[in-house]
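See below for the structure under consideration.
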Amino acid sequence: MPLSVRVARNLIWFQATLTLLGIVLLIVGLVLDPNDVLEELLYAPFYLPPLATGWLANQWRTRRPRVHHATIAVQLAIPLLDFFHFLIEDTLSWVLTAPWSALIVALLLLPPARTWFAPTLQTPCTPSQPAPPATT
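In short: position in the sequence shown from 1, add 260, done, that's my numbering.
Structure representation (structure tokens):
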């Protein structure tokens, strides 16, 4: 696995870990103040893309191009969702997530990462010994 892919994978796992921590804090907030349940549950969709990329990063060992493309697409969706959240709630989380996601996408678009996820062609296997003659 190339260095750029390993760094991107570790950044994604760190991102997913922070998201899990955010979910735990959301649950604690819901338990401590059950009056704002509906308002707090509106934040739940913003936790899904980082968790999805964490799951996708776990699927990288398959080296499928669709996993590569899906990871890039979800990483691009994260700052867009956070910017949408900024327009509604006036938060600045997109200022942090946009460079983070841009770094991950840049690492995944480097040539070593693209060749890592490129499908490999199977070479026809040549037998080391000829096949035995057919019996009639």
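Built from N, CA and C at the ideal position, the CB exists for glycine as well.
Residue range of the unbroken alpha helix (DSSP H) whose run includes residue i
i	result
Q275	263 to 292
P305	First-last for P305: undefined, no H or E at that position.
T331	325 to 349
Contacts around residue i, its chain only, beta-carbon distance under 7 Å, and the 5 residues preceding and following it disregarded
i	result
P339	W354, T357, A358, S361
I272	T313, G314, A317, I364
Coil, strand or helix - residue i by DSSP
i	result
A378	coil
L370	coil
L352	coil
P393	coil
Cβ distance (whole Å) where residue i is taken to contact residue j below 8 Å
i	j	result
P379	P262	Incorrect: roughly 16 Å between the Cβ atoms, too far for contact.
### Message
Count Cβ pairs between the segment 281 to 290 and the segment 319 to 337 that sit closer than 8 Å; are there 3 or more?
### Response
No, they do not touch.
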